[in-house]
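Below: the structure, in structure tokens.
In full-length UniProt numbering, the protein residues as written are 1 to 723.
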């Protein structure tokens, strides 16, 4: 039983006093006399039940460690973003630097001297035939000589220019980039419109997770919430057992820690696949069977070239062959043969290191193409991409596989020193993941603004083709890519105030048996109040298209927060234009709060005017003219939404009278203010003069007193010193 003083409404059992002998009190000459009687307690006993009070909620303490961790991570993210921006600007300036030398007169003159004859000059309208023939001639004349590379960034600013001229004269390029520069220089010397395409590869926008401070309790909470109770208990017992066996051998402690950590962090379905055998061949038959199974699984983890799991019998045969201790080397060689083509079994750490080194060497030896070009064909009226290495034209999709990943910023530098962002032409994931790797679009547009040229008809046609190219892209293959996609949508990704309209549109496709709709079918819904702010009202008889929970609202009458209120939402197909009621008999129509809703100018009631003169309501009240404040919006501050007013609404017939009275009152108030100001100025001057007079009088008194004192002092001293 718990005694609680807060439970004043407890139900007590009513009993008859005659059924029990209770103490009696009586007065004897003013004194209270007590005598007791024997009480008969029921056989079942007396049971008193008192409800427990609701325990006070525990106040959540301020997490200082979490606050510092979030602040440090936020600062690291901001610093990484600044580094990303600075690197992007450096790479952009590098492209501008290279492009200005590709239109240099000296470089163009040297490039023009390479042409064999006038027959190589382009026709009036450049077409595909001329471009293909020019590429064939260029590939025959110019070669890549990587053994004669020269340092590009050392020396004076003319190093790039001198290197380019030298390579043009020698008909040799040190790398693919210089080969593209030479090709662009020759075509520009012929008057062809060519753009230098540069794929910028800045440092990442966000720091890696290893550089951020992780929450130490995050993993524990997830494992405790994600595992069943019996598994959590097993995890705790495993951890306790591992701590008790700390005095055992080092191998046992390592195995116990690994098993306990994997048991806590991995579900049961993944433990069997990723378990590593720690047993020896001298154990029992059961242990040997388990070791064979674990070896087969562990071998699959070390298989670097595995893409699709092979037949199970083959993997078991290879595992058994490797698990035999007497034929370790032979078994390993046999197992490599049994595993089949394309699979290599790595049986030692040295082979693993060698395999990783080979892959790194292959990546380094692979030549990424981050610089290419585009040529404008007047005959086709469009820009076409050119792959000089493979002598291919109109191969936009091939550059993504050959360029350094990921494609984030692809910039085109034209003949007129202008710059244009053409990333959406080459990046296949432009609508899904590419924009997440880029900086804010406003900052990027601001950075490109000084380099952008005047928008021409050619630019407009190019943008239309790029938009059409994006519209023709296929549906993404995963559900995650559909989220926030500008062209496609799924019902699972709809926000609170979004809905699909019409109710059952024709799906564009399916992903895991779930329909994919066009983004045009996603409509934004609003409540009646929000539609009113757009000068729209819901039609009579319309049923809400969607009902959601409204935001919590504080009720001043009951001092409580009302939650889970239903909020009716309507679409744009369920509303019509708001027609304000007209003014009648000199009265302004108002809402329930005595205001006139004037969110838009067209919401002004017919027969009224909007006056913004300050103090107009006071004049209207003096003249007994109806006047109502104009509600123009809401402002959120001090923890709530507050109405915003701008001027007043009056009937049109009282406009002139009210304005004349306001002008007269304004002039009188100005005169009164001027009189007050003059009076205040005169008072200040009087006060200043009086203060000056008082100071002068005080100085005179002080000087007079000092003069008499000095005179008396001299007289006394002279009388004393005289003989």
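All residues carry an ideal CB built from backbone N, CA and C; glycine is no exception.
Simplified DSSP assignment, three categories, for residue i
i: residue 553; result: strand
i: residue 388; result: coil
i: residue 514; result: strand
i: residue 493; result: helix
i: residue 133; result: helix
i: residue 651; result: strand
i: residue 160; result: helix
i: residue 608; result: strand
i: residue 395; result: coil
i: residue 110; result: helix
i: residue 411; result: strand
i: residue 215; result: coil
i: residue 704; result: helix
i: residue 690; result: helix
i: residue 176; result: helix
i: residue 198; result: strand
i: residue 637; result: strand
i: residue 101; result: helix
i: residue 203; result: coil
i: residue 210; result: helix
i: residue 450; result: helix
i: residue 123; result: coil
i: residue 469; result: helix
i: residue 673; result: helix
Cβ pair residue i, residue j closer than 9 Å
i: residue 470; j: residue 430; result: yes
i: residue 128; j: residue 188; result: no
i: residue 92; j: residue 447; result: yes
i: residue 650; j: residue 675; result: no
i: residue 633; j: residue 654; result: no
i: residue 190; j: residue 120; result: yes
i: residue 612; j: residue 575; result: no
i: residue 537; j: residue 551; result: no
i: residue 425; j: residue 451; result: no
i: residue 643; j: residue 605; result: no
i: residue 549; j: residue 561; result: no
i: residue 514; j: residue 533; result: no
i: residue 170; j: residue 104; result: no
i: residue 375; j: residue 126; result: yes
Cβ shell of residue i (< 8 Å), same chain only, five flanking positions each side left out
i: residue 172; result: 142, 143, 144, 145 and 148
i: residue 502; result: 521
i: residue 661; result: 619, 622 and 623
i: residue 652; result: 583, 607, 608 and 609
i: residue 176; result: 144, 367, 369, 371, 388 and 389
i: residue 684; result: none
Proximity winner among the options, relative to residue i (alpha-carbon distances)
i: residue 437; options: 673, 80, 74 and 97; result: 80
i: residue 193; options: 75, 50, 64 and 381; result: 381
i: residue 165; options: 689, 186 and 107; result: 107
i: residue 544; options: 528, 526 and 570; result: 570
i: residue 583; options: 603, 575, 568 and 574; result: 603
i: residue 476; options: 491, 516 and 456; result: 516
i: residue 69; options: 114, 211 and 161; result: 211
i: residue 453; options: 482, 465 and 421; result: 421
i: residue 615; options: 648, 218, 368 and 643; result: 648
i: residue 414; options: 63, 100 and 71; result: 100
i: residue 589; options: 568, 98 and 630; result: 630
i: residue 480; options: 511, 546 and 460; result: 511
i: residue 546; options: 556, 524 and 484; result: 524
i: residue 585; options: 594, 597 and 625; result: 625
i: residue 395; options: 427, 406 and 478; result: 427
Same chain, Cβ closer than 6 Å to residue i, five either side skipped, listed in chain order
i: residue 135; result: 391
i: residue 283; result: At residue 283 the pLDDT is 39, less than 50, meaning the model places this residue with poor confidence; the figure from the coordinates comes in the next sentence. Here the set comprises nothing.
i: residue 88; result: 202
i: residue 404; result: 201, 368 and 370
i: residue 646; result: 630 and 632
i: residue 635; result: 642 and 644
Same chain, Cβ closer than 7 Å to residue i, neighbours up to 5 away in sequence not counted
i: residue 373; result: 180, 183, 184, 194, 195, 196, 197 and 386
i: residue 393; result: 128, 131, 132, 384 and 386
i: residue 742; result: This structure cannot speak to residue 742, because the chain is shown only from 1 to 723.
i: residue 272; result: Model confidence at residue 272 stands at a pLDDT of 36, short of 50, so the residue's coordinates are unreliable; what they give is reported in the following sentence. Nothing listed; no residue qualifies.
i: residue 486; result: 431 and 519
Counting only runs that start and end within the region 415 to 446, where is the alpha helix (DSSP H) found for 4 or more residues in a row?
The region 415 to 446 is shown to contain whole alpha helix (DSSP H) runs of 4 or more residues at 423 to 426, in chain order.
Along the chain, which unbroken stretches of the alpha helix (DSSP H) at least 4 residues long are found entirely within the UniProt domain "Rad4 beta-hairpin" (525 to 581)?
528 to 533, all fully within the UniProt domain "Rad4 beta-hairpin" (525 to 581).
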